[in-house]
Amino acid sequence: MTKIWFAIPLWQRVVAALLLGVITGLAWGPEAESIKWIGDLFIKAIKMLVVPLIFFSLVAGVCAIGDLRKLGAVGGRSLLLFMVTGAISVGLGLGLGTVLQPGAGLSIPLPDSFTPSTETFDPTDMILRFVPENVIDVMATGDVLPLITFAILFGIGILLAGEAGLPMVKAMDSGAIIMQKMTLIVMELTPFGVFALMAWVAGTFGTDALLPLAKVVGLNYFGCALIIVLVYPAIIKLFTKLPILDFFRGILDAQAVAYSTASSNATLPVSMRCTQRNLGVSRSVSSFVLSLGATINMNGTAMYMGLASLFGAQVFGVELGVTEYLLIAITGTIGAVGAAGVPGSGLIMMGLVFGVAGIPMETIALVAGIDRIMDMMRTMTNITGDAAVAVAVGHMMGEIDVEEYESDDDV
Ligand code: ASP
0 MTKIWFAIPL
10 WQRVVAALLL
20 GVITGLAWGP
30 EAESIKWIGD
40 LFIKAIKMLV
50 VPLIFFSLVA
60 GVCAIGDLRK
70 LGAVGGRSLL
80 LFMVTGAISV
90 GLGLGLGTVL
100 QPGAGLSIPL
110 PDSFTPSTET
120 FDPTDMILRF
130 VPENVIDVMA
140 TGDVLPLITF
150 AILFGIGILL
160 AGEAGLPMVK
170 AMDSGAIIMQ
180 KMTLIVMELT
190 PFGVFALMAW
200 VAGTFGTDAL
210 LPLAKVVGLN
220 YFGCALIIVL
230 VYPAIIKLFT
240 KLPILDFFRG
250 ILDAQAVAYS
260 TASSNATLPV
270 SMRCTQRNLG
280 VSRSVSSFVL
290 SLGATINMNG
300 TAMYMGLASL
310 FGAQVFGVEL
320 GVTEYLLIAI
330 TGTIGAVGAA
340 GVPGSGLIMM
350 GLVFGVAGIP
360 METIALVAGI
370 DRIMDMMRTM
380 TNITGDAAVA
390 VAVGHMMGEI
400 DVEEYESDDD
410 V
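To convert, note that position 271 of the sequence shown is 270 in numbering that gives the first Met the number 0; the numbers rise steadily by one, no gaps.
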């Protein structure tokens with residue numbers, strides 16, 4: 000029995016759980032609330048991961064960027080482009096979520112444990128919030144914004160320590176890998192959590208709940224498509240003046256693999272082959288930019304962070320002010336950097352954004368059942384962005400074979 004269970008890919012089990020949960024809820028009615036505790040258990044397990052996952056992934060990420068310094072020019076340019084496109088993407092998600100209101104029409108009462116964010120916009124306060132007074136306290140209360148500052152500084156400290164910092168680089172890398180494994184274990188709870196929560200939502204709110212979810216999926220595809228057809232061509236035009244169609248033709252294979260695997264990491268070998276062989280970017284630039292990009296450059300994920308935040312706020316009736324919007328923009332960009340290039344990592348990293356902006360974590364469970372289908376599009380966007388930056392940086396460094404880029408004999 001367990002053999003059959005694990006032989007089915009997780010995302011298929013989650014989608015089945017979603018459908019079954021909706022059917023059960025519709026048939027059972029408000030009584031379905033009696034199994035909501037299973038969903039709460041799942042949410043607690045996710046919350047448990049957030050603090051250590053952010054800490055280890057960010058420190059390990061900063062350490063990896065340390066190697067990047069050696070490559071100086073390439074690293075600096077790539078990072079700048081990654082950050083700019085990341086910020087534009089979160090902004091796009093926030094804009095779509097605000098204007099098109101995916102959460103309108105579904106209203107779920109706030110969970111008892113929820114404490115509203117009491118922020119008002121005050122730039123000084125905002126700066127002060129970034130710096131922790133006591134890092135243990137920050138970790139204990141799950142206050143992720145100052146935790147990010149500490150993690151980044153800790154990473155820089157390791158780099159400055161040079162030789163003496165090396166054991167810590169190893170420890171942090173290993174911590175990040177261990178946290179990813181723990182995430183995999185918790186993800187195995189997803190079908191049960193999704194089943195229970197969807198039964199509860201459908202039982203309490205009836206079919207009204209389905210339209211908003213379909214809207215989130217639609218907007219996720221729309222937002223990602225905008226990034227692919229507007230942002231990336233703009234980068235290529237701005238930095239290289241090379242024809243756009245050749246870019247899309249060259250990267251098609253990698254896009255197909257990304258869409259079907261929902262993993263930037265798994266797509267990496269194909270992205271490398273496409274960028275080197277079809278787009279003519281030199282081996283050194285493409286390997287470097289794409290490896291770094293698969294780990295930290297996730298524009299589709301960043302866009303989705305903004306969109307999902309607005310969805311959660313609308314569904315649970317949480318008011319978002321200018322401060323929250325800014326916090327979502329900042330943490331969304333950082334969260335996308337912290338998300339690993341594996342399926343579903345964006346879903347877990349949303350805990351970071353929600354924690355900071357004061358949006359109920361229950362939102363994660365609400366969208367978990369439809370995450371895979373959105374993840375596929377996010378990942379395709381993510382790897383297309385890596386390739387666009389590789390082409391731009393390759394061109395700036397004079398390391399692109401234009402003839403190869405423009406030629407039709409793509410593999
Ligand atoms: N699966 C995505 C990737 O590998 C990350 C995400 O969950 O958004 O790029």
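C-beta atoms are modelled at their ideal positions from N, C-alpha and C, and glycine is treated no differently.
Because the structure is a prediction, the values reported are computed rather than measured.
message: Just to confirm the assignment, what range does the alpha helix (DSSP H) spanning residue 376 have?
response: From DSSP, the alpha helix (DSSP H) with residue 376 extends over 370–395.
Sequence ranges, alpha helix (DSSP H) only - wholly within the stretch 209–240, length at least 4: Listed in chain order, the complete alpha helix (DSSP H) runs (minimum 4 residues) inside the stretch 209–240 are 209–225 and 231–239.
message: Which residue marks the beginning of the alpha helix (DSSP H) containing residue 333, and which one marks its end?
response: DSSP places residue 333 inside the alpha helix (DSSP H), whose first and last residues are 321–337.
field: Top-ranked residue by Cα proximity to residue 272, from 109, 126 and 404
entry: Nearest option by C-alpha distance: 404.
Buried or exposed by the 16-neighbour rule on C-beta atoms within 10 Å, applied to residue 375: When all chains shown are included, residue 375 counts as buried.
query: By the 10 Å Cβ neighbour count, where 16 or more other Cβ atoms means buried, how is residue 163 classified, buried or exposed?
result: Taking a 10 Å sphere around the C-beta of residue 163, we find fewer than 16 other C-beta atoms and assign the residue as exposed.
task: Sort out for me which residues DSSP pairs residue 363 with in a bridge.
output: DSSP, once it has assigned bridges, lists no residue as partnering residue 363.
task: With hydrogens ignored, establish whether the beta-carbon of residue 300 is closer than 8 Å to any heavy atom of the ligand ASP.
output: Yes, the ligand ASP has a heavy atom inside 8 Å of this Cβ.
field: Straight-line Cα distance separating residue 395 from residue 387
entry: Approximately 12 Å, taken between the alpha carbons.
- prompt: Under a Cβ-count criterion, where at least 16 other Cβ atoms within 10 Å of its own Cβ denotes burial, should residue 69 be classed as buried or exposed?
  reply: The predicted model places residue 69 with a pLDDT of 48, which falls under 50 and marks its position as unreliable; any figure quoted below should be read in that light. In the assembly as shown, residue 69 is an exposed residue. Its beta-carbon has fewer than 16 other beta-carbons within 10 Å.
- prompt: Are there 16 or more other CB atoms within 10 angstroms of the CB of residue 4, so buried, or fewer, so exposed?
  reply: Exposed is the call here.
task: Kindly confirm or deny that the stretch 217–235 and the stretch 301–308 touch, where touching means at least three C-beta pairs closer than 8 Å.
output: They touch, by the three-pair rule.
field: Contacts around residue 399, its chain only, beta-carbon distance under 6 Å, and the 5 residues preceding and following it disregarded
entry: For residue 399, where only same-chain residues beyond five positions count, the Cβ hits under 6 Å are 279, 280 and 393.
task: Kindly indicate which residue of 20, 369 and 391 has the alpha-carbon position closest to the one of residue 211.
output: The candidate whose alpha carbon is nearest that of residue 211 is 369.
message: Residues in the same chain with beta-carbon distance under 6 Å from residue 336, minus the five sequence neighbours each way, listed in chain order, please.
response: Taken in chain order, the residues that qualify are 295.
- prompt: Hey, is residue 208's beta-carbon within less than 9 Å of any beta-carbon in chain B?
  reply: Protein chain content of the structure displayed is limited to a single chain, and chain B is not contained in it.
- prompt: Should residue 379 be labelled buried (16 or more other beta-carbon atoms within 10 Å of its own) or exposed?
  reply: The residue in question, residue 379, is buried, as its Cβ has 16 or more Cβ neighbours within 10 Å.
query: Between which two residues does the alpha helix (DSSP H) carrying residue 186 extend?
result: In the DSSP annotation of this structure, the continuous segment of the alpha helix (DSSP H) that includes residue 186 starts and ends at 165–186.
message: Would residue 389 and residue 314 be called neighbours here (beta carbons separated by less than 9 Å)?
response: No, they are not a contact pair.
- prompt: In whole angstroms, what separates the C-alpha of residue 15 from that of residue 100?
  reply: Between residue 15 and residue 100, the C-alpha separation is close to 27 Å.
task: Assign residue 280 to one of three DSSP states: helix, strand, or coil.
output: Annotated three-state conformation of residue 280 is strand, per DSSP.
field: Cross-strand partners of residue 399 (DSSP beta bridge)
entry: In the DSSP output, where bridge partners are listed per residue, residue 399 has 280.
query: My guess is that residue 216 and residue 373 are in contact by the Cβ rule of under 8 Å, so how many angstroms apart are they, rounded?
result: About 6 Å; that satisfies the 8 Å criterion.
- request: Determine the burial state of residue 364: buried for a count of at least 16 other Cβ atoms within 10 Å of its Cβ, exposed for fewer.
  value: By the neighbour-count rule (16 or more Cβ atoms within 10 Å), residue 364 is buried.
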